[in-house]
Amino acid sequence: MGILNYLWIIPALPLLGSALNGLLGSKWPNKIVSVIAVGSTGLSFLAALEAVREFTHLAPENIPWVKQYFTWIVAGDFRAGFDLQIDHLTVVMLLVVTGVGWLIHIYSTGYMAHEGGYYRFFSYLNLFMFFMLILVLAANYVLLFVGWEGVGLSSYLLIGFSFLRKSAADAGKKAFIVNRIGDFGFMLGMFLLFRTFGTLDFVPLFAKATPMPADALGHLGMFTVACLLLFTGACGKSAQLPLYVWLPDAMEGPTPVSALIHAATMVTAGVYVVARSHILFTHAPTAMFVVAIIGCATAFFAATIGLVQTDIKRVLAYSTVSQLGYMFLACGVAAFSAGIFHLMTHAFFKALLFLASGSVIHAMGGEQDMQRMGGLSKKIRWTYLTMLTATLAITGFPPFAGFFSKDSILLSAYQSEHGGRILYAFGLLTALLTSFYMFRLIFLTFHGKPRYDAHKVHVHESPKSMLVPLVILAVLSLIGGWVAAPAFWGAPDYFAKFLEPTFAQSGSSSAEAAEATARALETPLAIVAVVTALLGFVVAVWLYLKQPGKPEQLAKSMRGAYNTLLHKYYVDEMYAALIVKPLLWLSTNVLWQAVDVGTIDAAVNGIAEGATDLGDGVRHTQSGNTRSYAVWVVIGALVIIAIIFWPYFRPATAGMVR
Amino acid sequence: MVPTHYYLILSAILFGLGVIAFIFRRNIITIFMSIELMLNAVNLAFIAFSRALNKLDGQVFVLFVIVVAAAEAAVGLGIIIVIARNRQSLNVERVDLLKL
Amino acid sequence: MNAPLIIFFALAAMCVTGAISLILQRHPIHSALSLIVVMVALAGLYLLMGAEFVAAVQIIVYGGAIMVLFIFVIMLLNAGVEERTNLSKLAGFAGIPLGVALMGFLAAAVARSQDMVQAAAQSGAPAPTKALANLLFQDFVYPFELTSFLILIAILGAVVLAQRENA
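Chains as they are written, first to last, in the numbering used here: chain A, 1 to 658; chain B, 1001 to 1100; chain C, 2001 to 2167.
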């Protein structure tokens, strides 16, 4: 058992890279920094591969494989250690994080080649990898939370990478603060779990929870409250309603950051937590219902906003929020493996979309507004082809990866007991909108007449370091879903089968019957999904290729709706007015003026002033006037005499010798 | 027979009057004299107790007090002369250089 | 009302009158003379109590030497009627009440504890000077020698202080 005993190597390698680059990298040339960063991530990926290989040879009773390295916290009966574990779910997450992460590191060497602070970027990126790996490898909630917070920190650092630009610094702060709100809920959930179970280690906690009775629907039992609190944290980290507002602003960061953190890995941490805690969630049907509703609503909501955005990265950001909604929808209807499957395929095609858009931006010399692009398909062929592949994947055209994952989610939603049909309807509608806006993006960017000044912008293809990861990801977007394909002709879905040992206890009770209906529904629903995607494609073709003036006409005629969507339903403004402004007022007027200045400062200064005033008063005794001194002497003598002769003045003690 | 406490009350009264004189008067020499008055009052108390306790130690102590008062008067008046030469005034309120 | 008591009250009245006169007189020479009256009255009281040696010493040393010294200094410095400055507010307002309070305190304390102080065993039997001398030169010989030392220092001090500075 080689590397399984040394699991800590997998997160430690990026940490080492981060430390080296961060502390010493400012003196080194870019080449050395790249070698260290890409090398450490690559080695981590190899170590992960080896760990997976060894894992497949483990006997079933050893799974989950937990290794305890050192005890971190001991307080009374509570123990939290630096414990790492591997089970089937971890394998999927590990490979996605290290694999996609490595490809993005390679891409970044090309993209950031001319940027200042090169070493700082890679240091932060490696730091992120370290924390993300801690998050997925953790064997208890406490260590997971360490990773959780750490990725939030790395996200802040990377979003605000060009911190001299105010919008970037503000976006970084916004991301961190909104995440913090979610983290608060997460912590409360952890406290509740500890209070109930006495431990926060996954294996013992889930073992204790499994035989306990589930909460009734609508009843706020312990499971429901804990799961809702954990889900609040997931909402913050994975940008669901109402805590999604940071993700679009996070596009201020460099594109590789958007690809790695805000598409493939960090934002999926919320889905991972829900999947990991599936035993708790299946004991709380109310919480599951809430998760499904919020996931579905977010998916639809974000898709509507993405329809009219003009910045290429913003469209992709809202698309990410929408797809994350799909993943939560899946978890909400107890189709956990479907949710994780979509997580994996989404990592492939969303990372590809972001990287390709970065390639476009690089080609256009920094331009991000789609309205000033157009006609680039022939000039940057590789970028165009890979981006098209990713678009086909995300819209759900077979045989690309997105088709299989989205299809299995919609199927599970359809079969769900509580309002499944409505969830399915909105999911389908969202798929239609997704197809429309993605192809809108393609057509605006790559087709039609060029809307930029060819003399000012010199369009050039990106270097190989950027193109190779694009191609690899494109291949994965094509074949990534094929592990689930056999479900169509009766053979088992290999992905779900792989994850079965992890999610076995949380299948719905009528597993057999559900299987049968699933088989029957699969093909019709798949056909409906493809038709919907085609519909979106056709509308996009009509509006953006055949009649280029039509979108503006539509925008003018539906001015109100258009403006609402363009301004993102004014949610940011609403938050600013309802929450930020009162909070600022409270901080300034109450906490600062009244408490800090008025009370604390006044008290401390008051004491000092009191001492000064006391001294000022007392100094008058030193007047230099002998007669005053004489009076003071007499007063002192009086006091002493009174003390000595006191017993003689009390009638009761007359006659008693003192 | 004169009870002892009559003498003691007289001693207290004389002592108090000495204190009042000390506070009330402004001439340095008069203040000095009030100190002598206070010492005398204390002497009276000593003799009274000596008689009450039938020991002679009180009287011996009175002798010592008188000797010390004499020495103190000599030196004190010397100081007063020097002050009077320096400040050109015998008003104790004019001797106020040691003030804050 | 027997004779010692009457004499006591007479002498006590003289003491108190002299003391009050010390306070109220404006010219220091008058205050000095009042103090001499007090000294003499006190000597009388000592005699009444039987301390004849002390009474004699009181008149000779206190009345004859110390007070004379005071009067010499008053004449030397040409002390006049004292001026009416009132720079000390504290003494002006609180001084006299405090002094009276002190007086009252002590007197009251004594009055309340009168049963504790035993009455004199003998009434004015004169104390033998011989016994006093024995006590002074046997038990108290050490303080006695020290007082002679003290007088020497006082003389030195007075001589040094009274010198004029060499101009």
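Just so it is clear, CB atoms sit at the ideal spot from N, CA and C, and this is done for glycine as well.
Just so you know, these numbers come straight off a predicted model, no measurement behind them.
Look at ASN625/A here: in three-state DSSP terms it is coil, with no helix or strand label. Taking C-beta atoms as the reference points, PHE2072/C and LEU638/A fail to come closer than 8 angstroms. For the pair GLY536/A and THR395/A, the CB atoms are nearer than the 8 angstroms cut-off. For THR71/A, there is no enclosing alpha helix (DSSP H); the residue is part of the beta strand (DSSP E) that begins and ends at 65-75. Sequence-ordered contacts of the region 1003-1035 of chain B with chain A read VAL1019, PHE1022, ILE1023 [C-beta pairs closer than 7 angstroms]. Chain-ordered, the chain B residues with CB closer than 9 angstroms to the CB of PHE2008/C read VAL1002, TYR1006, TYR1007, LEU1010. Contact with chain C is found for VAL1062/B, since one of that chain's Cβ atoms lies less than 8 angstroms from the residue's Cβ. The region 51-66 of chain A makes no contact with the region 150-159 of chain A; the number of CB pairs closer than 8 angstroms stays below 3. Secondary structure of ALA59/A (DSSP, three-state): coil.
Segment contact: the region 2028-2043 of chain C against the region 1031-1048 of chain B, three or more CB-CB distances shorter than 8 angstroms; contact assigned. For the region 2093-2104 of chain C, the residues whose beta carbon sits under 8 angstroms from a beta carbon of chain A are, in order, ALA2094, GLY2095, LEU2098, GLY2099, ALA2101, LEU2102.
Shown here, ASP183/A sits in a helix according to DSSP, grouped into three states. With a cut-off of 8 angstroms on Cβ pairs, the region 235-245 of chain A is not in contact with the region 330-348 of chain A, counting fewer than three such pairs.
Contact check for LEU355/A against THR255/A passes: the beta carbons are separated by less than 8 angstroms.
Counting of Cβ neighbours within 10 angstroms places PHE341/A among the buried residues, the total reaching 16 or more. Residue HIS362/A holds the alpha-carbon nearest to the alpha-carbon of HIS460/A among HIS362/A, ILE32/A, TRP28/A. Rounded to the nearest whole angstrom, the CA to CA distance from VAL91/A to MET222/A is 30 angstroms. The region 380-394 of chain A makes contact with the region 446-461 of chain A: 3 or more CB pairs, one atom from each, lie closer than 8 angstroms. In this structure, DSSP gives ILE86/A an extended state, which the three-state scheme calls strand. By the rule that beta-carbons nearer than 8 angstroms mark a contact, ALA2003/C does not touch chain B.
For ALA75/A, none of the residues of chain B pass the 9 angstroms Cβ criterion, the least Cβ distance being about 58 angstroms. Within chain C, no C-beta atom comes less than 8 angstroms from the C-beta of VAL1095/B; the nearest is roughly 11 angstroms away. Excluding five sequence positions before and after SER34/A, the CB atoms of its chain that fall closer than 6 angstroms to its own CB belong to THR109, given in chain order. If you ignore the 5 residues before and after ARG2026/C, its C-beta comes within less than 6 angstroms of the C-beta of VAL2081, all in its own chain and listed in chain order.
Under the Cβ criterion (8 angstroms, minimum of three pairs), the region 2056-2075 of chain C does not count as touching the region 2083-2102 of chain C. Within the region 604-627 of chain A, those residues whose Cβ lies closer than 7 angstroms to any Cβ of chain B are, in chain order, ARG619, GLN622, SER623, GLY624, ASN625, THR626, ARG627. Under the three-pair Cβ rule at 8 angstroms, the region 1032-1041 of chain B counts as touching the region 1065-1082 of chain B. Contact between the region 273-284 of chain A and the region 219-237 of chain A is established, with three or more Cβ pairs separated by less than 8 angstroms.
Annotation for PHE443/A: the continuous alpha helix (DSSP H) segment containing it runs 420-446. For the pair of segments examined, the region 115-133 of chain A was found to touch the region 35-44 of chain A: the number of CB pairs separated by less than 8 angstroms reaches three. Here GLN368/A really is in contact with ILE312/A; their C-beta atoms are around 6 angstroms apart, less than 8 angstroms. Looking at the DSSP output, GLY81/A sits in a beta bridge with THR71/A. Less than 8 angstroms divides the Cβ of GLY1078/B from the Cβ of ALA2162/C.
DSSP, read as helix, strand or coil, puts ALA138/A in strand. Under the three-state reduction of DSSP output, ASP407/A falls in the helix class.
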